[in-house]
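The block underneath contains the structure these notes are about, expressed in structure tokens.
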Amino acid sequence: MARGFAKGDRVAAETKWSKLAGALNAIGPPIKDVAGWEKVWCDWKANIRKKIDENKAVVRATGGGPYCQQPLTAMEEDVAKLCGLFEMVEGVGAVAYGAPTTIIEEEVAEENAEEIATEEEEPSRKRRRTAAAVDLQSLCVAQV
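See below:
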């Protein structure tokens, strides 16, 4: 429910939201309906995620400006941990599977139909291309 979706019975989730809205309205202003409190929760999560994302961008920056990282409050950190916002922004540190993509540099000579005589030689261009994906079966057949 905190992450924005509920597994299982939708009616049970709506009941929980209505109980939560009643408890929040009992505390005092502001008074909102269930949809209003759901919007407040979604907006709050979005603002926390935006703050985490901006802090990550500040850390990656190359410099040349003031340090403008915004600290998270203790409650914002708790919400971010509860909803998995740090993993959304930073990414999950996991091992990548599959064939690795490598960049192969090769010199590509330009073939001109008409050669123009110049005093200086033109340098050859370098082009990068990714290695073609090879499936496992063709790789095994090639080695046998």
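Numbering of the sequence shown is given in my numbering, commencing with residue 30 and proceeding in unit increments. Each residue gets a CB set at the ideal place from its N, CA and C atoms; glycine is no exception.
CB of residue i within 8 Å of CB of residue j, strictly
{"i": "VAL69", "j": "LYS61", "result": "yes"}
{"i": "ALA50", "j": "TRP66", "result": "yes"}
{"i": "VAL108", "j": "ILE81", "result": "no"}
{"i": "LEU111", "j": "ALA41", "result": "no"}
{"i": "CYS71", "j": "GLY33", "result": "yes"}
{"i": "GLU116", "j": "GLN99", "result": "no"}
Three-way DSSP call (helix, strand, coil) for residue i in this model
{"i": "ARG32", "result": "coil"}
{"i": "GLU136", "result": "Reliability of the predicted coordinates at GLU136 is poor, the pLDDT of 45 falling under 50, and the value obtained from them is presented with this limitation in mind. DSSP places GLU136 in strand when its eight states are reduced to three."}
{"i": "ILE56", "result": "helix"}
{"i": "ASP114", "result": "The question names Asp, but residue 114 in the sequence shown is Leu. Reduced to three states, the DSSP call for LEU114 is helix."}
{"i": "CYS97", "result": "coil"}
{"i": "ALA122", "result": "Strictly speaking, residue 122 in this sequence is Gly, with Ala absent from that position. Three-state result, GLY122: coil."}
{"i": "LYS68", "result": "helix"}
{"i": "ASN141", "result": "Residue confidence is low: ASN141 scores 46 on pLDDT, short of 50, so the model does not pin down where it sits. No coordinate-derived value is stated."}
{"i": "ALA75", "result": "helix"}
{"i": "ASP107", "result": "helix"}
{"i": "LYS85", "result": "helix"}
{"i": "THR44", "result": "helix"}
{"i": "ASP38", "result": "coil"}
{"i": "GLY51", "result": "helix"}
{"i": "LYS61", "result": "coil"}
Option in the options with minimal Cα separation from residue i
{"i": "ALA75", "options": "LEU114, GLU119 and TYR96", "result": "LEU114"}
{"i": "THR102", "options": "ALA90, GLY94, GLY122 and TRP73", "result": "TRP73"}
{"i": "GLY64", "options": "SER47, ALA55 and GLY57", "result": "Contrary to the premise, residue 64 reads as Ala rather than Gly in this sequence. If we check each option's Cα against that of ALA64, SER47 comes out closest."}
{"i": "CYS97", "options": "MET104, GLU105 and VAL88", "result": "VAL88"}
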